[in-house]
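Have a look at the structure below, then the notes.
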Amino acid sequence: MSSRLYRALLRLLPFDFRREYGEEMAGVFDEQHRDARGMSASARLWTGTFGGMLRLAPREHLAMLRQDVAYAIRVLRRSPAFTISAILALALGIGANTAVFSLANAVLLNPLPVADPSRLVSVQTLDRQNPGYSPLSTDNFRDLRDRSETLSGAAAYTFLPVRILGNGEPQETFAQAVTGTYFDVLGVRAALGRTLGPHDDRAKGASPVVVLSHRIWADRFGSNPSVVGSTIRLNGHPFTIVGVAPPRFNGTFGLFGPDLFVPFMMYDTLVPGTEWFEGRRIRWLNIVARMAPGVSFEQARADTVVQGDRLAKEFPQFNTGRGLTIVPLAQATINPDRHDTFVRAGWMLAAVVGVVLLVACVNLANLLLARAASRSREVAVRLALGASRGRIVRQLVTESLVVALAGGALGLFLAWWTQQWLWSARPANLQLAAFSPTLDGRVLLFTFGISLVAGLAFGLLPAVQVSRSAVNTTLKETGRTPSAASRPKLRAALVVSEVALSIVALTVAGLLLRSLLEAQRIDPGFDVDRTAMMFYNTRGGGYDVPRARVLHQRLLERLRVDRGVRSAALATRTPLGGGEAHTINVAGRTPPPGALGFLVEMAAVSPGYFATMSIPIVSGRDFDESDRPGSRRVAIINETMAKRFWPAGNAIGQRIQQRNAPHALEVVGIARDSKYLTLGEDPTPFFYIALWQQETPSVTPVALLVSTTGDPSGAAAIARGAMREIDPEIPFTNVATLRSLIDQTLWAPRTIALLVAAFGGLALLLAAIGLYGVLAYTVSQRTQEIGLRMALGAAPRDIVGMIVGRGLIWTAAGAAAGLAVAVIAASGLGSLLYGVRPSDPITLVSVPLLLGAVAAIASYVPARRAARLDPSLTLRS
Numbered sequence: 011m012s013s014r015l016y017r018a019l020l021r022l023l024p025f026d027f028r029r030e031y032g033e034e035m036a037g038v039f040d041e042q043h044r045d046a047r048g049m050s051a052s053a054r055l056w057t058g059t060f061g062g063m064l065r066l067a068p069r070e071h072l073a074m075l076r077q078d079v080a081y082a083i084r085v086l087r088r089s090p091a092f093t094i095s096a097i098l099a100l101a102l103g104i105g106a107n108t109a110v111f112s113l114a115n116a117v118l119l120n121p122l123p124v125a126d127p128s129r130l131v132s133v134q135t136l137d138r139q140n141p142g143y144s145p146l147s148t149d150n151f152r153d154l155r156d157r158s159e160t161l162s163g164a165a166a167y168t169f170l171p172v173r174i175l176g177n178g179e180p181q182e183t184f185a186q187a188v189t190g191t192y193f194d195v196l197g198v199r200a201a202l203g204r205t206l207g208p209h210d211d212r213a214k215g216a217s218p219v220v221v222l223s224h225r226i227w228a229d230r231f232g233s234n235p236s237v238v239g240s241t242i243r244l245n246g247h248p249f250t251i252v253g254v255a256p257p258r259f260n261g262t263f264g265l266f267g268p269d270l271f272v273p274f275m276m277y278d279t280l281v282p283g284t285e286w287f288e289g290r291r292i293r294w295l296n297i298v299a300r301m302a303p304g305v306s307f308e309q310a311r312a313d314t315v316v317q318g319d320r321l322a323k324e325f326p327q328f329n330t331g332r333g334l335t336i337v338p339l340a341q342a343t344i345n346p347d348r349h350d351t352f353v354r355a356g357w358m359l360a361a362v363v364g365v366v367l368l369v370a371c372v373n374l375a376n377l378l379l380a381r382a383a384s385r386s387r388e389v390a391v392r393l394a395l396g397a398s399r400g401r402i403v404r405q406l407v408t409e410s411l412v413v414a415l416a417g418g419a420l421g422l423f424l425a426w427w428t429q430q431w432l433w434s435a436r437p438a439n440l441q442l443a444a445f446s447p448t449l450d451g452r453v454l455l456f457t458f459g460i461s462l463v464a465g466l467a468f469g470l471l472p473a474v475q476v477s478r479s480a481v482n483t484t485l486k487e488t489g490r491t492p493s494a495a496s497r498p499k500l501r502a503a504l505v506v507s508e509v510a511l512s513i514v515a516l517t518v519a520g521l522l523l524r525s526l527l528e529a530q531r532i533d534p535g536f537d538v539d540r541t542a543m544m545f546y547n548t549r550g551g552g553y554d555v556p557r558a559r560v561l562h563q564r565l566l567e568r569l570r571v572d573r574g575v576r577s578a579a580l581a582t583r584t585p586l587g588g589g590e591a592h593t594i595n596v597a598g599r600t601p602p603p604g605a606l607g608f609l610v611e612m613a614a615v616s617p618g619y620f621a622t623m624s625i626p627i628v629s630g631r632d633f634d635e636s637d638r639p640g641s642r643r644v645a646i647i648n649e650t651m652a653k654r655f656w657p658a659g660n661a662i663g664q665r666i667q668q669r670n671a672p673h674a675l676e677v678v679g680i681a682r683d684s685k686y687l688t689l690g691e692d693p694t695p696f697f698y699i700a701l702w703q704q705e706t707p708s709v710t711p712v713a714l715l716v717s718t719t720g721d722p723s724g725a726a727a728i729a730r731g732a733m734r735e736i737d738p739e740i741p742f743t744n745v746a747t748l749r750s751l752i753d754q755t756l757w758a759p760r761t762i763a764l765l766v767a768a769f770g771g772l773a774l775l776l777a778a779i780g781l782y783g784v785l786a787y788t789v790s791q792r793t794q795e796i797g798l799r800m801a802l803g804a805a806p807r808d809i810v811g812m813i814v815g816r817g818l819i820w821t822a823a824g825a826a827a828g829l830a831v832a833v834i835a836a837s838g839l840g841s842l843l844y845g846v847r848p849s850d851p852i853t854l855v856s857v858p859l860l861l862g863a864v865a866a867i868a869s870y871v872p873a874r875r876a877a878r879l880d881p882s883l884t885l886r887s
């Protein structure tokens, strides 16, 4: 190449490029071309892109990288519209993915701050009659701990309500009673003082000591290090503080953590009268164990199953039909029965935000293709001056990486803002103190990784495409006809893929929104608009069962004479809080094979409960004050239980025998069905017993339900005033209206539905922008053709129809492909939907119609601009 031609071509390039690369093009590029002779096209491209870099020293690598990045930034600054559009599109996609990943990281991936967590397992009881996991009984735990050869250590723990007195106002909270091996099995050391050990677990009531959680140490004790050795009162008993747990340790549950840790042998001191929890009847202990060195998970599980079978043979009265198994502790940080639901919801969210990111990346690819087409002459001149195609690809990919990393940085801010909004929008009584979604190192690495992948994967295609353009043809073009780099068919294919991905995201969002609407229409079976609930605990005040019963009755009597109260009652279980599972036997009904009876949930309620909750008694009578200790034991069953056990309609007067209970229960009434655990549950058997006839105390706080004549939010003040007259030291906790309880129940599905809808809306917006961009670019490239058509007699409406029709054809093709994928994807949402089938026809029809309307608008804007072209001016230009 002559020096004159070289300088002439060089002047066609931007000044910044000449300053940075003029000498390099004259030397390094020519050398690379000579070395690449005889290679295939793909080998030359690879060698040109990376081969030269491999021959450079590390300092030269950094210098070249700095040079590429600096030039990329200057080029992007000269095209602010392109740069801002690309960064915003990627920020939306990356931010959505980062926000969802941070939630999954906090709930499912964040490891517990314990030693070697992969060796820890949770031991669970399996009941063949009632599939699912449940805790262990006291004696079953002790036998497993002493007999197992594959577990080097096992510890038990359970929650109990406590009232803290001392160093501030009285506070109701939860403690965790743990066996002496608990901290040793987990490998947790105290941040201050000591933890609990085997010497604290030798005799009942012998070790009144407590370890504070790091959270309550900071909140209540002001992080005072001299707190170790001081005394506080728990449920009226003095306890010595011996240590403070590490900062991030909140027990072994991911969504809930205790404020205090006390020795297991102090349980009866804090909750008197619970000797009946000993033995094999009551399954109430959560078990964590560490596998012995060299033992695999499969070996430990097989041995645990054998131990469970042995217990069933030795103690058939309590263990027939039940076995033991283990699950990794990482899966037990959430209720093992609900772990799969959490994982399914997480995968669904991840899939939707992945679709959003794909749409954003496809938009980026389309933007880069359009930009590459406009820079085709610049690239051709570089190639003519001797630059290798690999060197061109490297520079263009660098530009896309700069855009992607800038989008990732902005996406981090959007993810942080989304986290803050979600956390501030949670129900007031949903604290989840142990749950902490943060942008930690894992989240930052995830964001950097997907930014890098997005920049490389979707920046490489346009870069390679433009580098393959024919130099001579491109230099001869006037710039008004599409060059090879524009590739209209490729850009159309990308638009079709955007539409298909958007259809998938919108279909999932539509199903979840329809499910949410159906859930809000579900009748829970009780009054939610005039009723409030709150909890109080008599155990901390030293009340035995007779004294507690007197307090309960005085409180109800005091409330019922208040003008603002319509009715009041007590219950051991809250609405949508489930019941206490009991094994029962019914005369004339045979239990399932291998089962000791029928497993049915129940709650103890006071007289007036059904009137307070507005649950009709459809047959028989309600509980009354005559249902006291020593009188005939009675029960009220729901309609489903009556139909299942007495289908002939003769349930009144029948008897229910609870296992290990000395007296049978006589059915005196049938109540209408209601929802007991979730709004979406199927009708399930349930029965109620008279609270005044209970002879064993409730471990959990009792729920006070107050139905008001007006706004239920004022019920708490009325109840506090009444309790102040009876015992001013008993506080109320967890005050809420039943309407807010329903809102709390729907918070998770509502949040997921709104998030998915927002992400689906983003995908729709990005797809519309992509369609608009491609059609606008097509119009700009076909200006002369459109002018010629109009000069030959084409009306403006013909031009509009031609362009809008093309956009709708692309949309229809994408919708057809997207619907096929959406139907398959929606089949995995079954357990997350209320009253809506995955193949819901309303959703499957409305989503394509919505997308078609948006596509028509996006297509009409460039079509209208084309129809307004002046043919004479267009043809002369």
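Sequential numbering of the sequence shown, starting at 11, is according to the working numbering. All C-beta atoms in this analysis are idealised placements derived from N, C-alpha and C, irrespective of residue type, glycine included. It should be emphasised that the depicted structure is a prediction, and the values quoted were computed from it without experimental measurement.
Who are residue i's beta bridge partners in DSSP?
i	result
Arg332	Asp137
Tyr716	The displayed chain sequence assigns Val, not Tyr, to residue 716. DSSP, once it has assigned bridges, lists Ala542, Ala578 as partnering Val716.
Asn260	Thr262
Asn296	Tyr167
Met301	Leu161
Ile728	In DSSP, Ile728 forms no bridge with anything.
Arg8	The requested residue 8 is not part of the displayed model; the chain covers only 11 to 887.
Val337	Ser132
Pro268	Answer by DSSP bridge pairing: none, since Pro268 is not bridged.
Ala185	Leu170, Leu270
So, is residue i buried or exposed, given that buried needs 16 or more other C-beta atoms within 10 angstroms?
i	result
Pro626	exposed
Gly364	buried
Asp880	exposed
Trp820	buried
Gln430	exposed
Ala216	exposed
Leu374	buried
His224	buried
Arg258	exposed
Ile297	buried
Lys685	buried
Report, in whole angstroms, the separation of the C-beta atoms of residue i and residue j, which I expect to be a contact under 8 angstroms.
i	j	result
Pro848	Leu829	Their Cβ separation, rounded to whole angstroms, is 13 angstroms, which puts Pro848 and Leu829 out of contact at 8 angstroms.
Leu565	Ala732	6 angstroms
Ala542	Ala726	7 angstroms
Leu411	Gly459	Leu411 to Gly459, Cβ: 13 angstroms. No contact.
Gly845	Ser525	7 angstroms
Ser641	His562	Contact doesn't hold; Cβ gap of about 17 angstroms is too wide.
Ser132	Leu339	5 angstroms
Any idea what DSSP makes of residue i, helix, strand or coil?
i	result
Leu689	coil
Gln10	In this structure the chain extends from 11 to 887, so residue 10 is not present and cannot be described.
Glu676	strand
Tyr167	strand
Gly253	strand
Ser856	helix
Ala495	Confidence at Ala495 is low in this model, with a pLDDT of 43, below 50, so the placement of that residue is unreliable and no value is reported for it.
Ser849	coil
Gln667	strand
Ser790	helix
Phe536	coil
Thr694	coil
Next on the checklist: If we require 3 or more residues per run, which beta strand (DSSP E) segments fall completely within the region 578-645?
Outcome noted: Correct list: 590-596, 608-615, 627-630.
Checklist entry - Counting only runs that start and end within the region 198-258, where is the beta strand (DSSP E) found for 3 or more residues in a row? => result Fully enclosed beta strand (DSSP E) runs of 3 or longer: 219-222, 241-244, 247-254.
Checklist entry - In chain order, which continuous runs of the beta strand (DSSP E) of length 3 or greater are located wholly inside the region 736-785? => result Listed in chain order, the beta strand (DSSP E) elements of length 3 or more contained wholly in the region 736-785 are 743-747.
Item to check | beta strand (DSSP E) runs contained entirely in the region 75-150, provided each spans 3 or more residues | outcome: If we require 3 residues or more, the beta strand (DSSP E) runs fully inside the region 75-150 come out as 130-137.
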